[in-house]
Every structure is written in C-alpha cells, then in structure tokens.
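Residue numbers (the working numbering), protein chains in the order written: chain A, 1135 to 1928; chain B, 456 to 683; chain C, 131 to 304.
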Amino acid sequence: MSGRTRPRPAAAGGPRAWARDLAMGMRFAAGGGREGWTRTLLTALGVGLGVTLLLAAASLPTLLENRTVRREAVAPAETERPVPPSPRTLVQAPLETAFRSEPVRGQLLRPDGARPPLPPGVTALPGPDQMVLSPALRKLLHSPEGALLRPRLPFKDVGTIGPAGLVGPGDLAYYAGSATLTPENGGHRIRAFGVTRAPEPLDAKLLAVLIVGCVVLLMPVALFIATAVRFGGERRDRRLAALRLIGADARMTRRTAAGEALFGALCGLLVGTVLFLVGRQFADRITFWDIIAFPSDVTPVPWLAALVAAAVPLAAVAVTLLALRRVGIEPLGVVRSGGGRRRRLWWRLPFPAAGIALLLLNGGIEGSRSTAGPFLIGGGAALFLLGVALLLPWAVDATVSRLSGGPVPWQLAVRRLQLSGGTAARAVSGITVAVAGAIALQLLFSAIQSDYLKVTGQDSSRAQLQSTLPSHDIGTIRKTISAFRETEGVRGVIATIEASASRPGPLRKGETFAPSTQVTVGDCATLRELARTGPCKDGDVFVVKDAGGQVEGSYIDETARPGATVDFAFHDGPDGAGKRPRLWTVPRSARTVESRKDPMGQDSFGLFATPGALDPALLEEPMARAMIQLAPGVLDAVEHARNTAAGISPLMSVRALRDTVRDGQYTSVRTGLGVAAGATLALIAASMLVTMVEQLRERRRLLSVLVAFGTRRATLAWSVLWQTAVPVVLGLALALSGGLALGLALLRMAGTAGLDWSVVWPLPAAGAALIAVVTLLSLPPLWRMMRPEGLRTE
Amino acid sequence: MTPEGSLLAAEGLRKAYGPTPALDGADFSIHPGEVVAVMGPSGSGKSTLLHCLAGIIRPDSGTVRYGPHTLTDLSDTHRSALRRTDFGFVFQFGQLVPELTCLENVALPLRLNATRRKAAEHRARDWLERLEVDDVAAKRPGEISGGQGQRVAVARALAPQPRVVFADEPTGALDSLNGERVLTLLTDAARDTSAAVVLVTHEARVAAYADREIVVRDGRVKDMAGRI
Amino acid sequence: MSIGHTLLGLLESGPRHGYDLKRAFDEHFGQDRPLHYGQVYSTMSRLLKNGLVEVDGVEAGAGPERKRYAITDAGVTDVAQWLARPEKPEPYLQSTLYTKVVLALMTGRDAAELLDGQRTEHLRLMRGLTERKRSGDLADQLICDHALFHLEADLRWLELTAARLDKLAAAVRG
Chain A
1135 MSGRTRPRPA
1145 AAGGPRAWAR
1155 DLAMGMRFAA
1165 GGGREGWTRT
1175 LLTALGVGLG
1185 VTLLLAAASL
1195 PTLLENRTVR
1205 REAVAPAETE
1215 RPVPPSPRTL
1225 VQAPLETAFR
1235 SEPVRGQLLR
1245 PDGARPPLPP
1255 GVTALPGPDQ
1265 MVLSPALRKL
1275 LHSPEGALLR
1285 PRLPFKDVGT
1295 IGPAGLVGPG
1305 DLAYYAGSAT
1315 LTPENGGHRI
1325 RAFGVTRAPE
1335 PLDAKLLAVL
1345 IVGCVVLLMP
1355 VALFIATAVR
1365 FGGERRDRRL
1375 AALRLIGADA
1385 RMTRRTAAGE
1395 ALFGALCGLL
1405 VGTVLFLVGR
1415 QFADRITFWD
1425 IIAFPSDVTP
1435 VPWLAALVAA
1445 AVPLAAVAVT
1455 LLALRRVGIE
1465 PLGVVRSGGG
1475 RRRRLWWRLP
1485 FPAAGIALLL
1495 LNGGIEGSRS
1505 TAGPFLIGGG
1515 AALFLLGVAL
1525 LLPWAVDATV
1535 SRLSGGPVPW
1545 QLAVRRLQLS
1555 GGTAARAVSG
1565 ITVAVAGAIA
1575 LQLLFSAIQS
1585 DYLKVTGQDS
1595 SRAQLQSTLP
1605 SHDIGTIRKT
1615 ISAFRETEGV
1625 RGVIATIEAS
1635 ASRPGPLRKG
1645 ETFAPSTQVT
1655 VGDCATLREL
1665 ARTGPCKDGD
1675 VFVVKDAGGQ
1685 VEGSYIDETA
1695 RPGATVDFAF
1705 HDGPDGAGKR
1715 PRLWTVPRSA
1725 RTVESRKDPM
1735 GQDSFGLFAT
1745 PGALDPALLE
1755 EPMARAMIQL
1765 APGVLDAVEH
1775 ARNTAAGISP
1785 LMSVRALRDT
1795 VRDGQYTSVR
1805 TGLGVAAGAT
1815 LALIAASMLV
1825 TMVEQLRERR
1835 RLLSVLVAFG
1845 TRRATLAWSV
1855 LWQTAVPVVL
1865 GLALALSGGL
1875 ALGLALLRMA
1885 GTAGLDWSVV
1895 WPLPAAGAAL
1905 IAVVTLLSLP
1915 PLWRMMRPEG
1925 LRTE
Chain B
456 MTPEGSLLAA
466 EGLRKAYGPT
476 PALDGADFSI
486 HPGEVVAVMG
496 PSGSGKSTLL
506 HCLAGIIRPD
516 SGTVRYGPHT
526 LTDLSDTHRS
536 ALRRTDFGFV
546 FQFGQLVPEL
556 TCLENVALPL
566 RLNATRRKAA
576 EHRARDWLER
586 LEVDDVAAKR
596 PGEISGGQGQ
606 RVAVARALAP
616 QPRVVFADEP
626 TGALDSLNGE
636 RVLTLLTDAA
646 RDTSAAVVLV
656 THEARVAAYA
666 DREIVVRDGR
676 VKDMAGRI
Chain C
131 MSIGHTLLGL
141 LESGPRHGYD
151 LKRAFDEHFG
161 QDRPLHYGQV
171 YSTMSRLLKN
181 GLVEVDGVEA
191 GAGPERKRYA
201 ITDAGVTDVA
211 QWLARPEKPE
221 PYLQSTLYTK
231 VVLALMTGRD
241 AAELLDGQRT
251 EHLRLMRGLT
261 ERKRSGDLAD
271 QLICDHALFH
281 LEADLRWLEL
291 TAARLDKLAA
301 AVRG
C-alpha cells in the first residue's frame, strides 16, 4: 500500500510501460464508440489499400518467375544431334500465328510410338486432325469474332490444356495431331518437352529504370500509408487531452496514440490481406500489365510479405510519434506548436543531396560492363524523393507566410494554410513525390529509348505482310500466290520464286566451286519492287547488280551475263555429280539494271526473269516469298491472309512488316511502369479526397455559421479550391524541379544528355487534373456540410 | 395579421425534422429597435424559430415577412444576400473563423458585402473598440478568452449595421460577469443603431435584458405581452 | 440582518461620526429600508457597553451625532467571527407560489397558465432590476444581482414544475 501514498511516475519508459500504453491505445481504438470506429475504419481502409498494392507488388517476382518456368516447360527440348525415332519420341513443328494482336501458340505433334512425351498440362496427345486447346482459345473460337480464326484451326476439339501447360489464363495455345509430319517436311523429332535457359541478365540501364520505377511507385504508397495512419488525428488529440486530465503524462498519451495507430494499422494489414486474397481471385479476369495471371501465381515472395507485415505497423507507430512531436497534448486541450515554431530547412536539405550523392556513387550505367547496384540506385532515389516530401512542408510554410491580401476566398484559404500548412502539405506530398519520380523516370526513359529501338529496314508502306512458303513444289507455289491474290483485303502480292543458277562446265583454275548467282522469277510489278527495271513486259530478262554493294558486279557477271548459259541444278550435294543439268541461256536482250531494296529492306541481285522468259518449272528446289500489300481500310485483312496461308499449309507463317522494333525487355518494363503509375495516382486521389472530406467535416459547424451570415457557396467553394490549389501548385513546382534534378542525375549516369521537355509537361498536367477532380468530388460533401443542421448544438 | 409597424413577422410557421415537429404553427413579430427574448425549454423549437426567421432554413409552411420581402418565397441566393446585408448573427460558440485574426473576423461580413479590405478593417477596428476588445485585434480566436471571443462575435454581428441581430444563446458559454457585459454591449449597441434583436435564451436573467419575452413550447409561441 | 455587525464592519475602514455611519449604511445596504438615527445610537451604545467600539473624539457642539466612533480590537475580532460564521440557508419550503400551484391543480385550474403569468410578473420585476443595474453604481449592481439571482431561481423552479406538471397532476388527482 505504501506505493499508493506517493504518486509514482507512471512512464518509466520500459518495455512494460510501452506494452501497457500501446494496449490501452488499442482498446481505445477498438472500443472508442462510433467516432473511434469511424477513425479506425478510415485508417484500416487506407492502410489496407496501400497494403494490397504492396502485396501485389511483392507478388510480381513470383508471377514472372512462374510464367517463365511454364513458358520454358512447354518448349520442345533442344538436342544437339538428331534424335532417332523410338516409341518415346514424337515429331513436332511450331504453328505460330496471331489473331489480331494476340499471339496464338500452337504445336503440330505426331507420336512415333506408343509412349510419346506429353507436353505439360496435356493428358493424352490429340490424334490426327484433332486438337487440345487452352480455355481462352476455345472461348475465342466460339465467340463471333473467333469466326475469323476458326478456318486456321480445322481440328476437332478433343480436350483442354491444363494450367500447368499455360503461361497464363489468357494464353491462346493448342496442340494439334498430325499423321504426316516428318523431319523431312518441316518437323523436328524430340524426346521431351521443357528447356532451361539461363536467365538473361537485365541490361544495366533497364535495371536502373526498374529500380527507380519501383521506388517511384512505392514511395507514394508508403506516404499514403503514413497519411492514412493520421486520419482523424486532430479529433483523437482532443480525446487524448481528456486522458491527460485524469493523470496520464505526455509520454503515456503519446504511446497511447501510437497504440491507436497500431490498431488501425493492424486492422489495415488485415483488410489489405483480405482485399489482396479476394482481389487475386479476379486476377484471371483482369488484364493487368498486359497479361492475365493465374490467381495462384499472385503469391507474394515470403520475405517481402513478411517485410510488409512488419514495416506497416512499425511505420504506424513511428509516424504517430513523429507527428505528435509538434503537438502538445495538455490536460485542458491540444496545443499545436505549428504556428510558433518555424519549420527548419537545414535538416531537410541533406536528404535529397545524399540521394543524389548515392546515385553518383554508383557510377555510370552506360556500356555492357557497368552495373546497377539496387541499393545505391534504389536508396539514392528513395532518399531523394523522401527529401522532396520533407522539403514540401517547409516550402508551403515559407511561401504561405508571405501571402496576404486578396479577396475573401483567397484570404480564408491563405490564413488556413498559414495555421495548418503541415496538413495541407501532407495531403499533397504523395502527388509531389509521385510526379517528381515520374518526371525523373520519364526523362531517363525517353533519353534511353532510342537505344532500345531498332530500325529494321522494312518499309511497311510498300507491303504489310510477308510470308515464306515451305514448299518447293512449283504447283503449290503458284497456287499459293494466286490464293493470296484472291484473298479479301489484299491489294497486291509481290511474289517471287527464287532459286540459284551456276555456270555450267568444269571448274576453272583457282576455283573451288562453280560461280553461282541468284535467280528470281516474278511478274513485272514484282520485279519493279526489287530492281530499277525501267520499262518491263512479260518475256523480259534483267541482269541485276547489287546496289547495296555487298556483291561485286564482276562476280555476278561470271554467271549472269546476256547470252551466257546457266545451270539451275545443284551439283554440290552428295548426289550432285551425277545430276542432269538444267540449262538455260540468258537472252542477249537482257538489260543490266541496278537493284532496289525490297519492302523487307533487302537487296536482291543476279538474274531477274519474267515468267514469259523463264519457266519456273525449270528451277530446282525453288523457294517462294510473298510480300503482301493490303488494301487500306479493310478490317481484318491480315486475318484473311493468315487464313489463306493456313489453308495451304499449317506450317506457313505470315508476319507483319514493322519499320521499327522495340527491345522486348524495354517494352515490358515500360508498360509495367505505366500501368502501376496509374494505380498509384488513383490511390493518391483517394487519399486526398479522404483528407479533404475529413477536414471539411471538422469544420462543419463553422461552415454552417458562415452560411448563416450569408456567405455565398461560391465563396466557400473557391476557398476550398485555393486551399487545395496553393499547396498543389507549390508541390508540383517542387516536383518539377526535384524531378528534373533527379532525372538529370540519372541521365548523367546513363551517359545521355538529351533533356526532352515534351515528356515532362504531361506529368504536372496529370497532377493538376487530379487536383481538379479531387476538388470537384469534394464539392458535394461541402454543399452537404453547409446545411444549417450544423448550427444545432449537440 | 402582421402587426402594424413590425420589422419582421412570422405567421403559422411549421417545420418538422423527420416525424417530430420542431415548429407547429408559430407566430412572431418584432419592431425596429426592439429586443425580444425567445424563451422555452430545450428542444422546444427556439433555435428552429430563429433559423426560420433569419431565412437560414425554409419552413415547411407559414410565412416570414421582412419589410417588403416575404422571406419564405425568396430563393436561397436572395435570402443569403439579405442575411449578408440586413441581418447579424451571434451564436453560442465556434463561430469565429479560427485561422483569421479577430480584426479579419469582424471585417469578414463587411467584405462579403463587397466592402474594400481597408475600409472594412477600419470599421471593424471601431467596433472592436466599442466592444472593448481592440487589444485582441491582431490575435487569432484560439489565443483569446471566451468572453473576448464572444465580444468579437458581437462586434462582427453589428459591424455591417444590420437591421436585425439574431443571437442564439450568446452568453451560454460565458460566466455571469462576462455574459452580462456582452449582453449590455449588445443591447446598447443595438438600441443605438435601432436594430431589432431576437435573443434566444433559456435564462431569465438574460431574458431580462429584453423589452419583452415570448415563450416557445411544443413548437408554439406564447406572446406574454398579450396577457398584460 | 445584524445591524450591529454591519455598523462595526463599516467602522473597520476608519473612525466615523454617527450620521456618517447612517449615510454609509443607507448607501450600501439600505436601498429599500433606510436606518433611523435612533437605531444607530441605540446600537452604538450597546457596542460601547460591550467594548467593541470606543469614542474616538467629540466635536464641538451638542448632540450625540457629534461623537466619533472607532472600532476596538475586540470589535475587529467580532466582525471577523461574524463574517466567518455561515448563515443558515433559508429554504422556501412552503412558499405562497408553491401553495398556489398545488391548489390550482387540486381545483382543476390550469397551472401552466398560472406559471406563465408568474413568469411574466417575475420578468417584469427582473427587467426593472436589470435597468436599474445598468444605470446604477456598484452597490446597485450588487443588490440587484442578489435579487435577480433569487428571482431567476424562482423561475427555474417554475420551469421545472412546468415540465413536471403532468406527473404532478397525476399525483395530486390520483
């Protein structure tokens, strides 16, 4: 009992005191009546949204890994030597096609015996003219638009490929059976499915982009969680003041507040986990990051999930304690030292400076041997962006304290900001960091994008598709070309039949093989695309010199010479010596012309003949190439052309001509960052809206009073707008300068100097648009709170 | 049956929040320069009557006449304008804009009436002096006492020289001494400018500052003057 | 009210003549009932006898009013004791107002009417007192406040009674 006689300092600060006060705070949060619950709910929802996003991000490595593993598992095993047939082998050929922009991945299979290897996800091989297919492909085939694809897959549906054989639920894949496929007619004999490829190391520049991207996207989420923990903080402070009144000391109240935040954060963790678990069930219905994922693939990497679970509650406690640093909770009320103490610049500046220093410490990321240290680059970018977030309250304070005058709405807004600039700054810190990071990222991206853009030399204005025919049979070739010509939406076909010709007769001195040249047979329209023929009529022959300069004209002259005789038969092979020559004499009237790049960007040379001059039947093993010109404006002309090709041979591929191709890694990094940036911005908008509505709710009575003495709605609306706009403009200005600084540092690392302003402006614009939307959305609550009901005293 | 010469008169006001009627056929009238106390137990509809009279809310039925206007027929915009120019308000608490200085608070209604900033603040300072609180002009409401705050609020209500001042429990949060001073200043200033004062209170000592009192009970008004 | 203690208290600030005492008393406490000179002198002679005051001096001229009185140490102690002694609270358990209310109810008259009438009357008086307070000096204000608070207490009882009328009516008739 003696302990009762003298008041003991309740908070010695030991772990027991911590545990007791945190527990008390959690009880308050859980049992704080309606108001307490509203607060906890808001925090839990906010933190929950953030946690969902973090868990989704933590699942990306698993997702990508699983997809890669399955993609490799379905590829035919690679062998160094030809595989002899046995009961355990099969013959396989890829059936690559595409439907609109979606690739359709197929394999033609023919077992050699009773126990062929099975591709993953397939329980029995389809018989001849049968197929097993992915659910997505089946759905597409049965849909009205799939009608265009159906002619390409003239097989009987006998089964479904299981998830183990699919990269994702959206995968368009099938296996078709064949009775005729042999290694001789395009097949490939294998013993098993599945390859293992050493992972391709990510290019240093791209890795840097990826690291910075992760930081840029996750920093606002972290800030959002920090903001969510402080939802309803002002009201809670008043409640804590009552706690002081009954004898709690300042440290106890702070820890109790931390306990409340902890409870909210734990609820948020729970909400986030539930949202994530529920959300991932829909992963197979949502196209995210250009792919659709199996729910089971959306599984966080365990240590990352553990990190999230540990960091969020810890951050909640830390943020609360930090926030209360400037708030004195006294027994009779809450004293905010915000007005009295000026925010200092000196401890904020080192953060961005240290960030830049870390980045520069990493050194250049240019060239193949440079490295991108995740900790240096990620840490540097994170420190820099954190610095931007820290500079913002100071910048808002420093600017707002100099503002005065102006009309009533402006005055109301400015005065409010002068009194509580911190709250305003906090609300926009998320968008500031997001925009600053995005600017830096975009700058880096646009500067390096030319590195990842290859000019193919193809000219898609001259022809849009190209196809190579696997058949050497001249009848089939002719049939194919005329089939393409008759296809719907095809304007023209540049079709060539190609073979080679050599000089007949014995080898001369110094020769190891007979000089040979290329022979191209095509109509005048086709030849005009390949050479500067001048006037041309059927029956003409041309000797074409390589304008590309790769082959000497004199070498071509050895065979392709007007009046010379050439031999189309091969004599190089094992049975070559005894072959009957296929002789043909080049007409004396043949004109010598220069070659021209074809739509594929290639030069052809040698003998060019029209069908009237040279019968292609004379050629040995002719190859046919077709470049197809599509009629502009005919929908799905590409699909019709592909159907035509498939009708002739399932192994015939049709590819689109592209002027440029982006590096695949580059493209996936870019789309990924783009989509994630959208999600982050939406999250920030939600947080701003909550903050704004909460601020309005706290001022409900004041708003009603202002309305009572006749304040126009427009006046209040403008004041709300200014109140948002001033910190936002400051935030965006800071984001612009910070983003440029970080971007320039990254550009320096990448060894690129170009500063592309056109990629910078859209970001502040997007930020500004976001603010407009938030203000607009906060107007209905404002109208509602301006009702006279707020005057009634409770 | 608007009494002759009245400045503000209401007839048959009815207003219900949900199923419970707050006003159930209330009549009221006030003359220029008159101070009328509105008394009654809590929940009797005193504040609702004041809100209807001031045009803050529109009654379900009944009319409020102010001079040539029928408030109950005016649009919200018109009523707002009228409140800015002709009415002043004092509430029990929480009425000063916390981020504005006291001077700016008093100048606010003037500025809402498009008075220029300099002129508005000059006049606001006169009223602060008159209410003996010119020393807090540069302070924010959070830094002054409740009594000072209420005087600032009275100064704000009177600064635009309204024809009617609506005061809803203006001394409810003050101690007796401060309350009496505020009432004296309010009624004196109102008499000097011959503004009418509608004084909602449940305290008899406060009502004793009025020229006459009415009692609201169960949403109806009992005019005690009629009894004498 | 103890006139003896009041006069002693007035003397504490300094010696006074008898007529001074009467004037001071009337000014501060006698608004409604001024003292007679006779009351002053009879009281002073009693205080002299008890040794609580002494004659400080006599001015030239005749008459008891020329005497100047001063308080003794015993007198100061006596005043202190009197001020420290709590007054017995006076509950108005059987006031006329209460009787009227109960009777009104028993005879089936409208008690609310009675209450409203009484309020009007009370307020009329209170308005007068408030007016006097506004124009008067500190003494006026103090005495008026005293009355105002008592009248307000009456009215608050009236309000409470009005609120309880239904219950009261049931109790009286039942």
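Where is the CB? At the ideal position from N, CA and C, for every residue including glycine.
Proximal chain A residues relative to residue i, where beta-carbon distance stays under 7 Å
i         : result
Ser535(B) : Gly1844, Arg1846
Proximal chain C residues relative to residue i, where beta-carbon distance stays under 7 Å
i         : result
Thr639(B) : Arg264
Pro476(B) : Near Pro476(B) there are no residues of chain C at all, since even the closest Cβ is about 19 Å away, more than 7 Å.
Partners in chain B for residue i, counting only beta-carbon separations shorter than 8 Å
i          : result
Gly1539(A) : Arg572
His252(C)  : Ala659
Leu1929(A) : Within the shown structure, residues of chain A are numbered from 1135 to 1928, placing residue 1929(A) beyond reach of any answer.
Val1542(A) : Leu563, Arg566, Leu567
Gln1552(A) : Glu554
Thr229(C)  : Those do not exist, as Thr229(C) stays about 22 Å from chain B at its closest Cβ, beyond 8 Å.
Closer than 9 Å at the beta carbon, the chain B residues around residue i
i          : result
Met256(C)  : Ala659, Arg660, Ala662, Ala663
Arg1173(A) : Per Cβ cutoff of 9 Å: no residues; Arg1173(A) is ~21 Å from chain B at best.
Straight-line Cα distance separating residue j from residue i
i          : j          : result
Ala1443(A) : Thr1202(A) : 28 Å
Gly1184(A) : Phe1358(A) : 7 Å
Leu1837(A) : Leu1553(A) : 17 Å
Gly1474(A) : Ala1384(A) : Annotation note: pLDDT 49 at Gly1474(A) (below 50); position unreliable, no value reported.
Gly1873(A) : Asn568(B)  : 44 Å
Arg1789(A) : Gly1683(A) : 28 Å
Gly1472(A) : Gly1556(A) : Only weak support exists for where Gly1472(A) lies, its pLDDT of 47 falling under 50; the value from the coordinates is given anyway. Going by the C-alpha atoms only, they are around 8 Å apart.
Ala1724(A) : Leu1341(A) : 57 Å
Leu253(C)  : Ala663(B)  : 6 Å
Gly467(B)  : Met1826(A) : 41 Å
Gly1182(A) : Arg1834(A) : 28 Å
Gly1644(A) : Leu1752(A) : 30 Å
Thr1858(A) : Ala579(B)  : 29 Å
Gly1180(A) : Leu1455(A) : 19 Å
Arg611(B)  : Arg1477(A) : 33 Å
Proximal residues to residue i (C-beta, below 6 Å), its chain only, five neighbours per side dropped
i          : result
Gly1562(A) : Position check: residue 1562(A) holds Val in this sequence, whereas Gly was assumed. Correct list, in chain order: Pro1861, Val1862, Gly1865.
Partners in chain C for residue i, counting only beta-carbon separations shorter than 8 Å
i         : result
Lys677(B) : Asp246
Contacts of residue i in chain A (Cβ-Cβ under 8 Å)
i         : result
Ile599(B) : Here the premise fails: no neighbours, minimum Cβ distance about 14 Å.
Cut-off 7 Å between Cβ atoms - residues of its own chain near residue i, not counting five sequence neighbours on either side
i         : result
Thr202(C) : Gly181, Leu182, Val183, Glu184
Residue i CB to nearest heavy atom of the ligand FMN below 7 Å
i          : result
Thr1172(A) : For the structure depicted, the ligand FMN is absent and the ligand set is empty, with no information on it obtainable.
Within the chosen definition, does the segment 1193-1212 of chain A reach the segment 1322-1330 of chain A through at least 3 CB pairs nearer than 8 Å?
Proximity of the segment 1193-1212 of chain A to the segment 1322-1330 of chain A meets the contact definition, three or more beta-carbon pairs being nearer than 8 Å.
As an exercise, report each continuous alpha helix (DSSP H) stretch of at least 4 residues that is fully enclosed by the segment 155-180 of chain C, in chain order.
You should have 167-179.
Segments of 3+ residues assigned as beta strand (DSSP E) that fall wholly inside the segment 1177-1242 of chain A
Every beta strand (DSSP E) stretch that sits fully inside the segment 1177-1242 of chain A and reaches 3 residues is listed by chain position as 1224-1233.
Run through the segment 508-578 of chain B for me and flag every whole alpha helix (DSSP H) of 4 or more residues, listed as ranges in chain order.
Complete alpha helix (DSSP H) runs here, min 4: 531-541, 557-567.
Take every Cβ of the segment 140-149 of chain C, pair it with every Cβ of the segment 508-521 of chain B, and state whether three or more of those distances are shorter than 8 Å.
No: fewer than three Cβ pairs fall under 8 Å.
Beta strand (DSSP E) runs wholly inside the segment 1553-1589 of chain A, at least 3 long, in chain order:
The beta strand (DSSP E) runs of length 3 or more contained entirely in the segment 1553-1589 of chain A are, from start to end of the chain, 1587-1589.
Below 8 Å, how does it come out for the segment 1655-1663 of chain A and the segment 1690-1709 of chain A: are there three or more Cβ pairs, yes or no?
The segment 1655-1663 of chain A makes no contact with the segment 1690-1709 of chain A; the number of CB pairs closer than 8 Å stays below 3.
Cβ contact check for the segment 593-608 of chain B and the segment 553-567 of chain B: 3 or more pairs under 8 Å:
Contact check between the segment 593-608 of chain B and the segment 553-567 of chain B: three or more CB pairs, one atom from each, fall below 8 Å, which counts as touching.
Let me know the beta strand (DSSP E) ranges lying completely inside the segment 1639-1701 of chain A, each 3 residues or longer, listed in chain order.
Those beta strand (DSSP E) runs which fall completely within the segment 1639-1701 of chain A and span 3+ residues are 1650-1655, 1675-1679, 1699-1701.
Taking the runs of the alpha helix (DSSP H) that are 4 residues or longer, which of them lie wholly in the segment 1813-1895 of chain A?
Contiguous alpha helix (DSSP H) elements confined to the segment 1813-1895 of chain A occur at 1834-1842, 1847-1884, taking only those with 4 or more residues.
With three or more beta-carbon pairs closer than 8 Å as the criterion, would you say the segment 1618-1632 of chain A touches the segment 1762-1782 of chain A?
They touch, by the three-pair rule.
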